[in-house]
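Residue 0 is where the sequence shown starts when you use numbering that gives the first Met the number 0, and the numbers rise one by one after that. Glycine included, every Cβ here is placed at the ideal spot set by N, Cα and C. Bear in mind that the values here come from a model prediction, so they are computed numbers and not experimental data. As structure tokens, the structure follows; a few thoughts come after it.
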Amino acid sequence: MDENPLDEIRVERSERGVVTVTLNRPARKNAIHQLMWEGLRAIFQQVRENEADRVLVITGAGDAFCAGADLGGTGEAVAAQHPLNAMTPVNECALALHEVTSPCIAKVNGDAVGAGMNLALGCDLIVAAESARFSQVFARRALSVDFGGTWLLPRLIGMHRAKELALFGDIISAAQAAELGLVNRVVPDDELDAFVDDWAGRLAKGPPLALQQSKRMLSNSFSSSFAEALEAEAAAQALNFGSQDTREGIAAFLEKRPPVFEGR
Numbered sequence: 000m001d002e003n004p005l006d007e008i009r010v011e012r013s014e015r016g017v018v019t020v021t022l023n024r025p026a027r028k029n030a031i032h033q034l035m036w037e038g039l040r041a042i043f044q045q046v047r048e049n050e051a052d053r054v055l056v057i058t059g060a061g062d063a064f065c066a067g068a069d070l071g072g073t074g075e076a077v078a079a080q081h082p083l084n085a086m087t088p089v090n091e092c093a094l095a096l097h098e099v100t101s102p103c104i105a106k107v108n109g110d111a112v113g114a115g116m117n118l119a120l121g122c123d124l125i126v127a128a129e130s131a132r133f134s135q136v137f138a139r140r141a142l143s144v145d146f147g148g149t150w151l152l153p154r155l156i157g158m159h160r161a162k163e164l165a166l167f168g169d170i171i172s173a174a175q176a177a178e179l180g181l182v183n184r185v186v187p188d189d190e191l192d193a194f195v196d197d198w199a200g201r202l203a204k205g206p207p208l209a210l211q212q213s214k215r216m217l218s219n220s221f222s223s224s225f226a227e228a229l230e231a232e233a234a235a236q237a238l239n240f241g242s243q244d245t246r247e248g249i250a251a252f253l254e255k256r257p258p259v260f261e262g263r
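Okay, structure coming up:
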């Protein structure tokens, strides 16, 4: 492929520790080709490994979040692969996002369909513009759900509603997505940037270790018993009480001042 994948994924890091990843193919509604899946996987792994990266924000350039996989722009080399091999970078990217330990926010500025919708669902929080739309469009292309959608959807909205979205592939509005419980907030289009910036800033100021542990335990909750969850909570609190951040949080509470967390 002639396009440079580095130009198609913008990565910006703020001094606050907020990493903003922007899919940058507006002419293609930010559809993702194979090299981009590989690039995103590498970025997600870097965020996981970099202690200075406290929050990850994913969004799209132009008027779309992500149109899913670029079925028309995969190139001859990819098309010649066995389909299972072609799915490997997609799965690796989905797993890398799932394994990011810091809080992740999807800033859905427009259509999020197919794998693009599941890219958003793979984040911890979703903020959608009023004009955003969502669809598990796979069935309309004679494809089955991928990028973790079969795992994410039932956990988010229940099995029957998950099957309705997957089997019909209907397009739903941001308001409908909120009603189903798929998104956290729907805001006017012109307020999306400010709202997500506020949330990302608040999370970046939070205690990284404690937030990461809460995220991990919540993500694991469907596969653990209540007793196992309690054991995990106890282990997490023991780790917290040995940290400088927890000492700072308690001291700030007693001294009636804002805490300053350093991730230690």
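Going by C-alpha positions, Arg-201 is about 16 Å away from Asp-244. Non-local beta-carbon contacts of Gly-262 in its own chain, meaning distances under 8 Å to residues more than five positions away in sequence, involve Glu-50, Arg-53, Pro-206, Pro-207, Leu-208 and Asp-244 in chain order.
Nearest to Thr-21 by alpha-carbon distance, out of Val-107, Leu-142 and Arg-154, is Val-107. Distance from the CA of Gln-212 to the CA of Ala-234, rounded to the nearest whole angstrom, comes to 10 Å. With a contact defined as Cβ atoms closer than 8 Å, Ile-57 and Ala-105 qualify at about 5 Å.
Thr-100 carries a coil assignment under DSSP once its states are collapsed to helix, strand and coil. Arg-15 sits in coil when the DSSP states are folded into three classes, being neither helix nor strand. Three or more beta-carbon pairs drawn from the segment 150-169 and the segment 106-123 are found closer than 8 Å, and the two stretches are therefore classed as touching. In this structure, DSSP gives Ser-220 a helical state, which the three-state scheme calls helix.
Only residues of its own chain outside the window of five on either side were considered, and among them Leu-152 and Pro-153 have a CB closer than 7 Å to the CB of Ala-161, listed in chain order.
Scanning the segment 117-188 from its first residue to its last, the whole beta strand (DSSP E) runs of 3-plus residues come out as 124-128, 132-134, 170-172 and 184-186. Counting C-beta atoms within 10 angstroms of its own C-beta, His-159 has fewer than 16 neighbours from the protein chains shown and is therefore classed as exposed.
One thing to note: Ala-199 has its Cβ within 7 Å of the Cβ of Val-17. Each residue's CA atom was taken as its position, placing Arg-132 and Gly-180 some 14 Å apart. Remark: C-beta atoms of Val-10 and Leu-55 do not approach each other more closely than 7 Å. In this structure, the CA atom of Arg-27 is about 16 Å from the CA atom of Met-116. Per DSSP, Val-259 is not a residue of any beta strand (DSSP E), being assigned neither H nor E.
Take Ala-128, set aside five residues on each side of it, and the residues of its chain with a beta-carbon closer than 6 Å to its own are Asn-108, Asp-188 and Leu-191, in chain order. Within the DSSP secondary-structure output, Asp-110 pairs in a beta bridge with Ala-63. CA-CA distance, Phe-146 to Ile-31, rounds to 12 Å. With contacts defined by Cβ atoms closer than 7 Å, Arg-40 and Glu-91 form a contacting pair.
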